[in-house]
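Right, one structure below, let's go through it.
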Amino acid sequence: MTQTITFTLSLVVLLLAGCSSAPVKESVQDGPPSGPPVDISAIPDAVPAPIQVPLKNTPYTLGGITYQPLATANGYSATGLASWYGTKFHGKQTANGEIYDLYKMTAAHKTLPLPSYVKVTNVENGHSVVVRVNDRGPFHGERLIDLSYVAARKLGFADSGLAEVTIEGIDPETFSRSPIRDGQLLYLQLAALKSHHNAQLLRREIFAKTELQARVIQGDETAPIYRVRIGPVESPEHLEQLLETLENGQFAAPYLVYEKPVTDETEGTGTSL
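Here the sequence shown is numbered in our numbering, starting from -17 and rising by one per residue.
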């Protein structure tokens, strides 16, 4: 039987974000999307970036309880129960004014500032993800954080519906400024493709337009995903130079990923700018 999530955020969205759409009826159940399973290996984590908009952290009252959001997620650490929300809220406005997409790496939290970034780790299996907090909730029992459907899939609890997790706040100002973290190196990922041929075409296009050498990294999935990457990044200055060069070449902004030094590549020298 498909696991469903029983709580709702529709009233909260209306109160906090000024949503003009009609509330979702309580009788409508939440759940996963229909159709074949999504390839979550091609969906990257949220990439913490410096906050360019005013934070939403004013106090609010719901159900007789007043919540005082934090001024920053920096230094935040907590352990508690995580749940997820899906089709019932897909395409609807979040408390931050953004549109909820169950295929993006986002989350709802009662007191973290909007927006903010956190690392969430499933205590049972050790899997971790980075998500962007852009909504309020969950307002159900003792649950601590409400993750998007795809984030729950990555953490391995989409079927069970609940999991004990640890949450660590991320300082977006320094996240991308350190080329080494926990023994992992920083890479720029431009694409994750199912076709080896298309990945190689992109690698060659990058070189033709920017003279940057990209690598095509084959994943260890059953149906391999080919990741087109540049790096590792050597310094904050190197990162800025690479981003500027890619922008001048009219490439979309890459994802920043921390991983162990790459040794498995299908082609490419691995050298950078």
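Every residue gets a Cβ at the ideal spot worked out from N, C-alpha and C, and that includes glycine.
These figures come from a predicted structure and were not determined experimentally.
| Query | Result |
| --- | --- |
| Any non-hydrogen atom of the ligand PLP within 7 Å of Leu170 CB | Looking for the ligand PLP in the displayed structure turns up nothing, as the structure carries no ligands at all. |
| Through-space distance from Lys92 to Phe121, alpha-carbon basis | 8 Å |
| Rounded C-alpha distance that separates Thr43 from Leu175 | 45 Å |
| Ala24 to Leu194 span [Cα, whole Å] | 23 Å |
| Same chain, Cβ closer than 8 Å to Glu146, neighbours up to 5 away in sequence not counted | Thr61, Gly62, Leu63, Ala64, Asn104, Val105, Glu106 |
| Residue burial classification, Asp27 (beta-carbon count within 10 angstroms, cutoff 16) | buried |
| Three-way DSSP call (helix, strand, coil) for Ile207 in this model | coil |
| Close beta carbons around Leu84, own chain, < 6 Å, minus the five adjacent residues each side | Gly68, His72, Ser130, Tyr131 |
| Extent of the continuous beta strand (DSSP E) to which Ile152 belongs | 145 to 152 |
| Buried or exposed by the 16-neighbour rule on C-beta atoms within 10 Å, applied to Arg135 | buried |
| Burial state of Leu183 (16 or more Cβ within 10 Å) | exposed |
| His122, DSSP secondary structure in three states | coil |
| Thr227 - DSSP class collapsed to helix/strand/coil | helix |
| Beta-carbon gap between Arg211 and Leu167 smaller than 8 Å | no |
| Rounded C-alpha distance that separates Lys38 from His179 | 45 Å |
| Spatial neighbours of Thr192 in its chain, beta-carbon cut-off 6 Å, leaving aside the 5 residues before and after | Thr227, Gly231 |
| Secondary structure of Phe40, DSSP reduced to three states | With the sequence shown as reference, residue 40 is identified as Thr, and Phe is not the correct amino acid for it. Note: Thr40 maps to coil in three-state DSSP. |
| Expected contact under 8 Å - CB spacing of Gly138 and His109 to nearest Å | 6 Å |
| Reduced DSSP secondary structure (H/G/I, E/B, other) of Lys101 | strand |
| CA-to-CA distance, Val35 to Asp117, given in whole angstroms | 15 Å |
| Proximity below 8 Å, CB of Ile207 to CB of Tyr58 | no |
| Under the three-state DSSP convention, the category Tyr67 falls into | strand |
| C-beta atoms of Leu96 and Leu52 nearer than 8 Å | no |
| Per DSSP, the bridge partner or partners of Glu241 | Leu167 |
| Per DSSP, the bridge partner or partners of Ser16 | Ser16 is not bridged to any residue. |
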